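Report on the following structure.
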Amino acid sequence: GAGVSQSPSNKVTEKGKDVELRCDPISGHTALYWYRQSLGQGLEFLIYFQGNSAPDKSGLPSDRFSAERTGGSVSTLTIQRTQQEDSAVYLCASSPTGASQRGETQYFGPGTRLLVL
Amino acid sequence: AQSVSQHNHHVILSEAASLELGCNYSYGGTVNLFWYVQYPGQHLQLLLKYFSGDPLVKGIKGFEAEFIKSKFSFNLRKPSVQWSDTAEYFCAVNAQSNYQLIWGAGTKLIIKP
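Read top to bottom, the protein sequences are chains H and Y.
Whatever position you read off the first sequence (first residue = 1), add 3 for the working numbering.
Whatever position you read off the second sequence (first residue = 1), add 6 for the working numbering.
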């Protein structure tokens, strides 16, 4: 079956511009996660969606970052007024239910590589 | 705050050598532990995980990891590596009460043919 897809795969933008990154999770997965991976570092949690519940936005680094998930499926991460420090790989993952107790596997997309000039 | 430490950022081995990648975490409660792998040009994918039961966990491609609670460790092992094991390996942990995964910085493994 289809895995998690993300678009665009690469994005180059100028400082101050807004960007939108898209994630299509695996069909039927109710949990969706966004992460950021900067060069030489591990993944940094950004935001979590679970079904119709309010998202956990505790990882968003500033109010320039926002995300939404429409119809419980596709998600868009928006970065407004981009800065050079926003340059990173943005990864999306989904999982069937978000059941943390049982060590549920997260399935990752290929990521969007963002470069802010 | 929780943290995950991977001791080696780069490891270079010859084929058939044995592998052990270290992972230590800081959290006093019950945890789930994961090793993910990213092969060149591919997505991150699960290698193996532990959430309960036998602390020695076997994963894909001959990898295994042992959870030692007293040492807060979850080291990854493989007795004989292959050139195709060249990849970046990430250790991740979450408290069983919290879905947020905390990630190590990753270890880049290069296997010389």
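Idealized CB from N, CA, C, for every residue including glycine.
Treat the numbers as computed from the prediction; the structure is a model and nothing was measured.
Beta strand (DSSP E) segment containing residue i, residue limits
i	result
Q128 (chain H)	Limits of chain H in this structure are 4 at one end and 120 at the other, which puts residue 128 (chain H) out of reach.
N100 (chain Y)	93 to 101
K29 (chain H)	Strictly speaking, residue 29 (chain H) in this sequence is Ile, with Lys absent from that position. Note, I29 (chain H): premise wrong, no beta strand (DSSP E); not H, not E.
G94 (chain H)	According to the sequence displayed, residue 94 (chain H) carries Leu and not Gly. Here the beta strand (DSSP E) through L94 (chain H) covers 91 to 98.
Y45 (chain Y)	From DSSP, Y45 (chain Y) is part of no beta strand (DSSP E); its letter is neither H nor E.
K77 (chain Y)	That residue, K77 (chain Y), is in no beta strand (DSSP E); it is neither H nor E in DSSP.
A70 (chain H)	68 to 72
I117 (chain Y)	113 to 118
L107 (chain Y)	First-last for L107 (chain Y): undefined, no H or E at that position.
T85 (chain H)	It is not in any beta strand (DSSP E) - T85 (chain H) carries neither H nor E in the DSSP assignment.
Same chain, Cβ closer than 6 Å to residue i, five either side skipped, listed in chain order
i	result
L19 (chain Y)	V87, I117
G65 (chain Y)	L53, L54
V92 (chain H)	Q40, G114, R116
Residues that residue i contacts on chain Y, provided the C-beta gap is smaller than 7 Å
i	result
P28 (chain H)	Simply none; closest approach about 13 Å.
Listed by chain order, chain Y residues near residue i by CB distance under 8 Å
i	result
P11 (chain H)	Here the premise fails: no neighbours, minimum Cβ distance about 16 Å.
G112 (chain H)	H49
Under 8 Å from the C-beta of residue i: neighbouring residues of chain H
i	result
K75 (chain Y)	Going along chain H, no residue has its Cβ under 8 Å from K75 (chain Y), so there is no contact; the nearest lies around 15 Å.
F96 (chain Y)	G45, L46
The ligand PLP heavy atom lying under 7 Å from the CB of residue i
i	result
S90 (chain Y)	Within the structure as shown, the ligand PLP is missing, as the structure has no ligands at all.
Neighbour list for residue i in chain Y, Cβ cutoff strictly below 9 Å
i	result
R105 (chain H)	N38, F57, S58, Q102
G101 (chain H)	Y105
Neighbourhood of residue i by C-beta distance below 8 Å, restricted to the same chain and skipping five residues each side
i	result
L118 (chain H)	N13, K14, V15, T16, S90
Neighbourhood of residue i by C-beta, 7 Å cutoff - its chain only, sequence neighbours within 5 removed
i	result
F78 (chain Y)	N30, Y31, S32
T100 (chain H)	T33, A34, E107
Under 7 Å from the C-beta of residue i: neighbouring residues of chain H
i	result
L52 (chain Y)	T108
8 Å Cβ cutoff, residue i in contact with chain B
i	result
V7 (chain H)	Going by chain labels, chain B is absent from the structure shown, which instead holds the protein chains H and Y.
Next on the checklist: If the cut-off is 9 Å on Cβ atoms, which residues from the segment 51 to 85 of chain H count as contacting chain Y, listed in chain order?
Outcome noted: For the segment 51 to 85 of chain H, residues whose beta-carbon sits nearer than 9 Å to a beta-carbon of chain Y comprise Y51, Q53, D59, S61, G62.
Next on the checklist: Counting only Cβ-Cβ distances shorter than 9 Å, please list the residues of the segment 101 to 117 of chain Y near chain H, keeping chain order.
Outcome noted: Under the 9 Å Cβ criterion, the segment 101 to 117 of chain Y contributes A101, Q102, S103, N104, Y105, Q106, L107, I108, W109, G110, A111, G112.
Next on the checklist: Quick check on the DSSP output: what are the complete beta strand (DSSP E) runs of length 3 or more inside the segment 19 to 45 of chain Y, in order along the chain?
Outcome noted: Qualifying beta strand (DSSP E) stretches, in chain order: 25 to 27, 30 to 32, 37 to 44.
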